[in-house]
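Asker: Just so you know, the protein sequences line up as chains A and B, in that order. Mind the numbering: the first sequence is residues 238 to 527 in the working numbering, read in order. Mind the numbering: the second sequence is residues 104 to 453 in the working numbering, read in order.
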Amino acid sequence: MISDILVNGLIAGGMYAMLAVGFALIFSVAGIVNIAHTGFYMIAAFLIFIATKYLHQSLLLASLSGVLFTIILGIICFKVLFDRVKEHVNTVMIMSIALVILFQEVLLLIFGGSFQGMDPFFAGFVEILGTRATIQHLSALLVIGLVIIGLWLWLYKTRIGSAIRAVSQDTETANLMGINVSHISLLVMAVSVGLAGIAGAVMGPIYMISPVMWLQPIVIVLASVVLGGLGSIGGAVIGAFILGYVETLAVFLIPGGSFLGGAVSLCIMILVLLIRPEGLFGIFFEEERL
Amino acid sequence: MIYLKLLYGWIRQEIFAIPGRIIALTFFLFLFLGPFITQQPYFLRIIILTCIFGIYAMSWDVLSGFTGQLSLGHALFFGVAAYTVALLDIYLHWSPWLTIPIGGVLSVLSGLFVCLPALRLRGMYLGLVTLTFPIILTGILYIFSDVTGGELGLFGMRSLSSSITLAYYTVAIIFLISAYIMYKVTDAEDKFLRIGIILHAIREDEIAARSSGIRTNRYKFIAFAVSGFFAGVAGGLYTHFMRVTGPSTLELFFSFQVILWVIFGSTATIYGPVVGVFILYPVTEIISIFAWGEPIRQIIFALILILALFFMPEGISVWILDKLEVKCPRCKLINNFIRKKCRACRAELK
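#1: On the three-state DSSP scale, how would you describe residue 527 of chain A?
#2: Report yes if the CB atom of residue 342 of chain B is closer than 7 Å to the CB atom of residue 189 of chain B, and no otherwise.
#3: Within the present structure, is the beta-carbon of residue 320 of chain B separated from the nearest heavy atom of the ligand FAD by less than 6 Å?
#4: If you drop the 5 nearest sequence neighbours on each side, which residues of the same chain put their C-beta closer than 8 Å to that of residue 445 of chain A?
#5: Mind checking if residue 172 of chain B is an interface residue toward chain A, Cβ cutoff 7 Å exclusive?
#6: Which of helix, strand or coil does DSSP assign to residue 388 of chain B?
#7: What separation, rounded to the nearest whole angstrom, lies between the Cα atoms of residue 298 of chain A and residue 306 of chain A?
#8: From residue 245 of chain A to residue 204 of chain B, what does the alpha carbon distance come to, in whole angstroms?
#9: Which residues in the same chain as residue 430 of chain B place their Cβ atom closer than 8 Å to its Cβ, once the five residues preceding and following it in sequence are excluded?
#10: Output the boundary residues of the alpha helix (DSSP H) element that contains residue 327 of chain A.
#11: Please classify residue 217 of chain B as buried or exposed, where buried requires at least 16 other C-beta atoms within 10 Å of its C-beta.
#12: Given that a residue counts as buried once 16 or more other Cβ atoms are within 10 Å of its Cβ, and exposed if not, what is residue 271 of chain B?
#13: Under the rule that 16 or more other beta-carbon atoms within 10 Å means buried, what is residue 447 of chain A, buried or exposed?
#14: What are the residues in the stretch 356-377 of chain B lying within 7 Å of chain A by C-beta distance?
#15: Between residue 334 of chain A and residue 359 of chain B, how many whole angstroms is the CB-CB distance? I'm expecting something under 8 Å.
#16: When Cβ atoms are compared, which residues of the stretch 126-142 of chain B fall closer than 9 Å to chain A?
#17: Mind listing the chain B neighbours of residue 499 of chain A? Cutoff is C-beta to C-beta under 9 Å, in chain order.
#18: Our contact map puts residue 163 of chain B next to residue 177 of chain B with C-beta atoms below 8 Å; I'd like the distance itself, whole angstroms only.
#19: Strictly under 7 Å for the Cβ-Cβ distance: is residue 526 of chain A near chain B by that measure?
#20: Please tell me whether residue 340 of chain A and residue 259 of chain A are closer than 7 Å, where the distance is taken between their beta carbons.
#21: Are the stretch 373-380 of chain B and the stretch 136-147 of chain B in contact at 8 Å, needing three or more beta carbon pairs?
#22: Could you tell me whether the Cβ of residue 514 of chain A comes closer than 7 Å to any Cβ of chain B?
#23: In the DSSP assignment, find the alpha helix (DSSP H) that holds residue 183 of chain B and state where it starts and stops.
#24: Give the DSSP-derived three-state secondary structure of residue 292 of chain A in the structure shown.
#25: Report the rounded CA-to-CA distance for residue 210 of chain B versus residue 182 of chain B, giving the unit in angstroms.
#26: Just the C-alpha distance for residue 327 of chain B and residue 180 of chain B, rounded to the nearest angstrom, thanks.
#27: Apply the 10 Å Cβ neighbour rule to residue 145 of chain B and answer buried if 16 or more other Cβ atoms are within range, or exposed otherwise.
#28: Please name the residues in the stretch 259-276 of chain A whose beta-carbon is closer than 7 Å to at least one beta-carbon of chain E, in chain order.
#29: Leaving out five residues on either side along the sequence, give the residues of the same chain with a beta carbon under 8 Å from the beta carbon of residue 294 of chain A.
#30: Kindly indicate if chain B contains any beta-carbon less than 7 Å away from that of residue 485 of chain A.
#31: Tell me which residues of the stretch 192-223 of chain B have at least one Cβ-Cβ distance to chain A shorter than 9 Å, keeping chain order.
#32: Based on DSSP bridge pairs, tell me the residues matched to residue 437 of chain B.
#33: Under the assumption that residue 404 of chain A contacts residue 266 of chain A (Cβ atoms under 8 Å), give the Cβ distance between them as a whole number of angstroms.
#34: List, in order along the chain, the chain B residues whose C-beta lies closer than 9 Å to that of residue 408 of chain A?
#35: Using a cut-off of 7 Å between C-beta atoms, extract the partners of residue 332 of chain A located in chain B.
#36: Please tell me whether residue 328 of chain A has its Cβ less than 7 Å away from any Cβ of chain B.
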């Protein structure tokens, strides 16, 4: 039981962390509240599904090309849609909502509303602490861990990483210091969509895929980003793991908990915000506080 | 006779000279003559639902457009009232005239509950917190599914009135009254009710408003209450009219849809949401009459929205009024776009 919760919470938290990091990155750098973020996750999963089922490609090739196509789609969406209306923060958000509705409806039109399964990368399972964990789950965790560590190294140890952090702290000053803000935004959008795509690639075989699979993760992603503090990337990761564990605990411990998984984690988020309105790791400037 | 002449003169100067008011007058005529134009229940039904969603959209605009308190979970108010009304009707058999106001009041109470965290938060934070409440409530509804009907929802409520024409006029009049009240509450130039200008001040700069000695929390709460009440009225009307309510009234998409309508119409104007709803909702409904239209109606909805945001990021009604109306630079009187000179002071326009 306890080890079930540990392993499943880790997997759920890992997925949310991967999605939340991408969401937090594009929000803090370009100020885009990208509701369509998990839409890209869904698109990647469906692209891989098409490539393996209808084009009979190997799963590895399908995943790589799926992620690549998702990134290209993300860049096109950024250039064509978000970049033009970026002065109006709310308009950008509405645009992303419209975009994700478009994704959902197009996929519904092509595939119908039913749930589809994908073949896993690896068959079989191993026992850890008396819990059966499939190798697919473990490899997904491994990929997520590697990607998050790689992202951290990229953001904190390279020149371009510090440019990104500079833009996220103060766009105008960063622009005055000679950082090309629009290039950085484009790059971050590509990375953010890429993270969503990788999440889709590793999670698609674990969960069933359907045209409404974006809806449940986006709520948890938003909650974990707020919980960690908007704009704080480390906070988003920690928030995601907290909510992943809370959701798993609710599902395992409360009767009828599968309905309540999301609700309980959102209650936790509201409780934290009542005590710390800026989130766990957010920064509030003193004069802005109300 | 002289009074008739005066009336004619007043109408000519105050209504026919200003394009926006001509459009409004046509709209009122259309709304009141609806059942005379067509008796088809399907079209009347669409207009009734449009009016109900119009109230809902205006209530979002009061809270988020005027006061700037971004609410991404407005379906909470709609859903709370819808379920309250449905439960009161099914278990206590109260009349719709009693249940709909009670639903509104319960929405206000739920607004009070949302205020607890919401008054301390701003901007995106607030939006993301309000987003969560309908989802939490949906979870609670599923747990008590023997009372609330769970996934299927509740059905078999009494209908709003015996005939559809009567229901049409009931909803249309409630719609106009709500629009008038919300217009008065948010009107920045009103001399008696000072709320409107304060709500604008809170949106523009909350800290400055606070420094001027305005208790912003109190006014934010008023905005939550007014908005919640009217969203609740819309929810109650919807339940009694459709005679069914379900978890779809609390869905994330339903919260987003109202935002899409209002942004399409123009925020921070009471007529904007009305325009948005009266264009988008009937269009998507009428498309779904056709066999080819049903599967692609949401696609068309999304495409219209994306195009609209491209070409008119301020919203369609502000965009159209900008094209049709010219403000005289000297006397600030509104003229139509054909005139070269102001109709009162003869100043050159532009």
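By construction, the Cβ of each residue, glycine as well, lies at the ideal position given by its N, Cα and C atoms.
Answerer: According to the structure shown:
#1: Position 290 of the first sequence, counted from the first residue, corresponds to residue 527 of chain A. Confidence is the limiting factor: at residue 527 of chain A the pLDDT is only 46, short of 50, which leaves the residue's position unreliable and the question unanswerable from this model.
#2: The count along the second sequence starts at 1 and reaches residue 342 of chain B at position 239. The count along the second sequence starts at 1 and reaches residue 189 of chain B at position 86. Yes, the Cβ-Cβ distance between residue 342 of chain B and residue 189 of chain B is below 7 Å.
#3: As for the ligand FAD, it is missing from this structure, which has no ligand bound.
#4: Residue mapping note: residue 445 of chain A aligns to position 208 of the first sequence, counting from 1. These residues qualify, in order along the chain: 352, 353 and 354.
#5: As a first step, residue 172 of chain B must be located in the second sequence, where it is residue number 69. Taking Cβ atoms only, chain A never reaches closer than 7 Å to residue 172 of chain B, which makes this a no.
#6: Here residue 388 of chain B corresponds to residue number 285 of the second sequence, with the count starting at 1. Correct three-state label for residue 388 of chain B: helix.
#7: Taking the first residue of the first sequence as position 1, residue 298 of chain A is located at position 61. Taking the first residue of the first sequence as position 1, residue 306 of chain A is located at position 69. Between residue 298 of chain A and residue 306 of chain A, the C-alpha separation is close to 12 Å.
#8: Here the question's residue 245 of chain A lines up with position 8 in the first sequence. Here the question's residue 204 of chain B lines up with position 101 in the second sequence. Straight-line Cα distance between these residues: approximately 46 Å.
#9: Numbered from 1 along the second sequence, position 327 holds the residue referred to as residue 430 of chain B. These residues qualify, in order along the chain: 436, 437 and 438.
#10: By one-based count along the first sequence, residue 327 of chain A stands at place 90. Per DSSP, residue 327 of chain A belongs to the alpha helix (DSSP H) from 326-348.
#11: If you number the second sequence from 1, residue 217 of chain B lands on position 114. Flag for residue 217 of chain B reads buried.
#12: As a first step, residue 271 of chain B must be located in the second sequence, where it is residue number 168. Under this definition residue 271 of chain B is a buried residue.
#13: For the purposes of this step, residue 447 of chain A is taken as the residue at position 210 of the first sequence. Buried.
#14: 359, 362, 363 and 366
#15: Here residue 334 of chain A refers to the residue found at position 97 of the first sequence. Here residue 359 of chain B refers to the residue found at position 256 of the second sequence. Sure, about 5 Å apart at Cβ, within 8 Å.
#16: none
#17: Position 262 of the first sequence holds residue 499 of chain A. What residue 499 of chain A touches in chain B: 235, 238, 239, 241 and 242.
#18: Stepping through the second sequence from its first residue, residue 163 of chain B is reached at position 60. Stepping through the second sequence from its first residue, residue 177 of chain B is reached at position 74. Sure, about 5 Å apart at Cβ, within 8 Å.
#19: On the first sequence, residue 526 of chain A is found 289 positions in, with the first residue counted as 1. Caution is warranted here: a pLDDT of 48 is assigned to residue 526 of chain A, below 50, making its placement in the model unreliable, and the coordinate value is therefore given only provisionally. Answer no: the Cβ-Cβ gap between residue 526 of chain A and chain B never drops below 7 Å.
#20: In the first sequence, counting from the first residue as 1, residue 340 of chain A sits at position 103. In the first sequence, counting from the first residue as 1, residue 259 of chain A sits at position 22. Cβ atoms of residue 340 of chain A and residue 259 of chain A: not closer than 7 Å.
#21: no
#22: The residue you call residue 514 of chain A lines up with position 277 of the first sequence. Yes, contact with chain B.
#23: In the second sequence, the residue the question calls residue 183 of chain B occupies position 80. Where residue 183 of chain B is concerned, the enclosing alpha helix (DSSP H) stretches over 178-190.
#24: Within the first sequence, the letter at position 55 stands for residue 292 of chain A. It is coil, neither helix nor strand.
#25: For this step, residue 210 of chain B is matched to residue 107 along the second sequence. For this step, residue 182 of chain B is matched to residue 79 along the second sequence. Cα-Cα distance, rounded: 9 Å.
#26: Along the second sequence, read from residue 1 onward, the residue named residue 327 of chain B stands at position 224. Along the second sequence, read from residue 1 onward, the residue named residue 180 of chain B stands at position 77. Their Cα atoms are separated by approximately 10 Å.
#27: Residue numbering aside, residue 145 of chain B sits at position 42 when the second sequence is read from its first letter. By the 10 Å Cβ count, residue 145 of chain B comes out exposed.
#28: Of the protein chains in this structure, namely A and B, none is chain E.
#29: Taking the first sequence and counting its residues from 1, one reaches residue 294 of chain A at position 57. These residues qualify, in order along the chain: 288 and 302.
#30: Counting from 1 along the first sequence, the entry for residue 485 of chain A is found at position 248. Not one chain B Cβ lies under 7 Å of residue 485 of chain A.
#31: 219, 220, 222 and 223
#32: For the purposes of this step, residue 437 of chain B is taken as the residue at position 334 of the second sequence. DSSP output for residue 437 of chain B lists B:430 as bridge partner(s).
#33: In the first sequence, residue 404 of chain A corresponds to position 167, counting from 1. In the first sequence, residue 266 of chain A corresponds to position 29, counting from 1. Sure, about 5 Å apart at Cβ, within 8 Å.
#34: Residue mapping note: residue 408 of chain A aligns to position 171 of the first sequence, counting from 1. Near residue 408 of chain A there are no residues of chain B at all, since even the closest Cβ is about 16 Å away, more than 9 Å.
#35: Mapped onto the first sequence, residue 332 of chain A falls at position 95. The contacting residues are 409 and 412.
#36: On the first sequence, position 91 is the one that residue 328 of chain A refers to. Cβ-Cβ to chain B under 7 Å: yes for residue 328 of chain A.
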